[in-house]
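Asker: My structure is below; once you've seen it, I'll send some questions.
Protein chains: 2
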Amino acid sequence: MRGEHLGELEELVLLTVGSLYPEAYAPAIKKELAEKMDRKVVLSSIHTVLTRLENKQFVKSAFGESTPERGGKRKRFFEITPQGFQALEALKSKRDALWGNMLQLMPNLS
Amino acid sequence: MRGEHLGELEELVLLTVGSLYPEAYAPAIKKELAEKMDRKVVLSSIHTVLTRLENKQFVKSAFGESTPERGGKRKRFFEITPQGFQALEALKSKRDALWGNMLQLMPNLS
DNA sequence: GATTATTATCGACAAATCAGAACATTATGA
DNA sequence: TCATAATGTTCTGATTTGTCGATAATAATC
Numbered sequence: 442m443r444g445e446h447l448g449e450l451e452e453l454v455l456l457t458v459g460s461l462y463p464e465a466y467a468p469a470i471k472k473e474l475a476e477k478m479d480r481k482v483v484l485s486s487i488h489t490v491l492t493r494l495e496n497k498q499f500v501k502s503a504f505g506e507s508t509p510e511r512g513g514k515r516k517r518f519f520e521i522t523p524q525g526f527q528a529l530e531a532l533k534s535k536r537d538a539l540w541g542n543m544l545q546l547m548p549n550l551s
Numbered sequence: 442m443r444g445e446h447l448g449e450l451e452e453l454v455l456l457t458v459g460s461l462y463p464e465a466y467a468p469a470i471k472k473e474l475a476e477k478m479d480r481k482v483v484l485s486s487i488h489t490v491l492t493r494l495e496n497k498q499f500v501k502s503a504f505g506e507s508t509p510e511r512g513g514k515r516k517r518f519f520e521i522t523p524q525g526f527q528a529l530e531a532l533k534s535k536r537d538a539l540w541g542n543m544l545q546l547m548p549n550l551s
């Protein structure tokens with residue numbers, strides 16, 4: 442099966458969607474990524490990834506009401522799905538296991 | 442992609458090189474990835490990634506002696522460099538921070 | 001109604017990854 | 001010494017993922 446993996450940016454964006462709930466929309470994600478991860482990405486990249494994540498059923502989205510704030514198009518809010526969370530968890534636990542192995546060998550590595 | 446980030450597979454392979462020290466060569470990495478990560482990759486992909494990681498100075502390699510065992514070409518062993526380890530660490534700590542945020546919101550997510 | 005701020009969408013391309021064929025090297029045994 | 005099996009690496013082309021600039025849409029403000 443192809444297209445079954447989370448790419449590097451995809452994982453980061455997915456994680457950010459989760460960590461921003463329920464205020465996850467593209468510009469906020471972009472900002473969070475820049476601040477917390479030092480990862481600078483152009484807005485349209487975020488959108489591209491978000492669309493792909495939605496196709497993979499890892500997030501779902503809904504348009505917000507037009508806020509009484511400043512002008513602008515209505516926001517599209519994203520939410521992580523159970524499948525998305527699960528994918529994230531699986532990745533993390535496996536990666537952590539490898540980390541465990543590596544740390545045991547550290548004396549040799551340093 | 443300006444070649445400055447660790448791709449998804451790149452990170453996994455780098456981690457595996459570290460966790461396999463000092464016996465990390467392509468076929469062993471492939472096997473480890475399949476067993477520990479459920480990540481099935483073709484050998485040539487591993488080689489491609491290893492080459493890229495070496496260009497980025499995240500691993501270094503050396504050919505092993507021709508072993509007196511079965512036939513075959515001599516193995517090329519890879520080792521993680523301090524820079525490689527550092528890159529891995531930086532990624533992990535930032536990602537873990539996002540995880541922390543997300544977990545706090547879990548009650549809402551479930 | 002024009003201007004400005006804000007966000008989403010589109011289209012094209014670059015880099016990373018995948019997949020398998022081709023190639024190289026060494027041990028073994030007839 | 002030749003054929004063959006075992007083991008690894010390199011090459012080539014296709015697909016997926018990442019990046020970016022340009023454009024369209026929506027709403028407040030002047």
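Line order of the protein sequences matches chains R and C.
Numbering of the first sequence is given in my numbering, commencing with residue 442 and proceeding in unit increments.
Numbering of the second sequence is given in my numbering, commencing with residue 442 and proceeding in unit increments.
Positions of the beta carbon are idealized from the N, C-alpha and C atoms, including for glycine.
All of these numbers come straight from a predicted model, not from anything done at the bench.
1) Given that a residue counts as buried once 16 or more other Cβ atoms are within 10 Å of its Cβ, and exposed if not, what is C:K481?
2) Which chain C residues are close to R:T457, counting only those with a beta carbon under 7 Å from its beta carbon?
3) Can you tell me which of the three DSSP states R:H446 falls into?
4) Under a three-way DSSP split, which group does C:F526 fall into?
5) Does any residue of chain R have a CB that is nearer than 8 Å to the CB of C:N496?
6) Whole angstroms is fine: what's the gap from C:S534's alpha carbon to R:L532's?
7) Quick one: list the residues of chain C neighbouring R:G448, beta-carbon separation under 9 Å, in chain order.
8) Could you check the C-alpha separation between R:G525 and C:M547 for me, to the nearest Å?
9) Relative to the alpha-carbon of R:R515, which residue among R:P523, R:I521 and R:F504 has its alpha-carbon at the smallest distance?
10) Which residues, taken in chain order from the stretch 473-488 of chain C, show a beta carbon closer than 7 Å to some beta carbon of chain R?
11) Am I right that R:N542 and C:S460 are in contact with their C-beta atoms under 8 Å? What's the rounded C-beta distance?
12) Cα separation between C:L486 and C:P468?
13) Between C:L546 and chain R, is any beta-carbon pair separated by less than 8 Å?
14) Would you mind sorting C:V500 into buried or exposed? The rule is 16 or more other CB atoms within 10 Å of its CB.
15) Does chain C have any CB closer than 8 Å to the CB of R:Y462?
16) Please list the partners that R:R515 has in chain C, where partner means a Cβ-to-Cβ separation under 7 Å.
17) Between C:L447 and C:A528, how many whole angstroms is the CB-CB distance? I'm expecting something under 8 Å.
18) Sorted by chain position, which residues of the same chain lie with C-beta nearer than 7 Å to R:L484's C-beta, five sequence neighbours on each side aside?
19) In whole angstroms, give me the CA-to-CA distance for C:V490 and C:T522.
20) Please tell me whether R:E445 has its Cβ less than 8 Å away from any Cβ of chain C.
21) Could you tell me which of C:T492, C:E520 and C:L450 sits nearest to C:V458, measuring between CA atoms?
Answerer: A quick look at the data gives this:
1) exposed
2) L539
3) coil
4) helix
5) no
6) 15 Å
7) G448 and E449
8) If I take the Cα positions, the gap works out to 13 Å.
9) The option with the nearest alpha carbon to R:R515 is R:F504.
10) K477 and M478
11) Right, their Cβ atoms sit about 4 Å apart.
12) Note that residue 486 of chain C is Ser in the sequence shown here, rather than Leu. Spanning the two alpha carbons is a distance of roughly 11 Å.
13) yes
14) buried
15) yes
16) Per Cβ cutoff of 7 Å: no residues; R:R515 is ~22 Å from chain C at best.
17) 6 Å
18) If the five residues before and after R:L484 are omitted, its C-beta is found closer than 7 Å to the C-beta atoms of A467, P468 and K471, all from its own chain and listed in chain order.
19) If I take the Cα positions, the gap works out to 15 Å.
20) no
21) C:E520
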